[in-house]
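Numbering (the numbering used here), first residue to last: 6 to 108.
Built from N, CA and C at the ideal position, the CB exists for glycine as well.
In this text, all values refer to a predicted model and were calculated from it rather than measured experimentally.
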Ligand code: SF4
Ligand code: SF4
């Protein structure tokens, strides 16, 4: 496999690491990753007591009675630029990233 990489203006090569997964078992829904993502990739969702996903209103501070806890999810994987800012700020090490295969 040839790994996708870019050449920076300095001439150095940089290999982006694209988001692959967020571990829902360890995520505490703190939202730190959401705040640092520059590309709108992530979305906070609720989980009910059976682990099913429940839509939440980010503008409504009152938790829906159905929502047992909140977790971060990958809503727009295709927008990720592989900067890994989300992973670096996550206090629970929830993220998995990987380079892409060059076309
Ligand atoms: S790697 Fe960067 S662009 Fe991709 S989800 Fe994380 S913060 Fe967003
Ligand atoms: S920073 Fe980590 S623990 Fe916090 S919401 Fe994001 S994935 Fe979950």
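Any non-hydrogen atom of ligand 2 closer than 7 Å to residue i Cβ
i: residue 96; result: yes
i: residue 36; result: yes
i: residue 32; result: yes
i: residue 99; result: yes
i: residue 6; result: no
Buried/exposed call for residue i, threshold 16 Cβ in 10 Å
i: residue 24; result: buried
i: residue 10; result: exposed
i: residue 76; result: buried
i: residue 46; result: buried
Boundaries of the alpha helix (DSSP H) in which residue i is found, first to last residue
i: residue 40; result: 37-41
Run of the beta strand (DSSP E) containing residue i, from where it starts to where it stops
i: residue 61; result: Premise fails: residue 61 is in no beta strand (DSSP E) and is neither H nor E.
i: residue 94; result: Taken as a continuous stretch (DSSP letters only), residue 94 belongs to no beta strand (DSSP E), being part of the alpha helix (DSSP H) at 90-94.
i: residue 76; result: 74-79
i: residue 51; result: 47-52
i: residue 27; result: 23-27
i: residue 100; result: 100-103
is_contact[residue i, chain B] using C-beta, thresh 8 Å
i: residue 55; result: Among the chains in the structure shown there is no chain B, since it carries only a single protein chain.
- Query: Taking contact to mean at least 3 C-beta pairs separated by less than 8 Å, is the stretch 12-21 in contact with the stretch 48-58?
  - Reply: No: the two stretches stay apart, fewer than three of their Cβ pairs being nearer than 8 Å.
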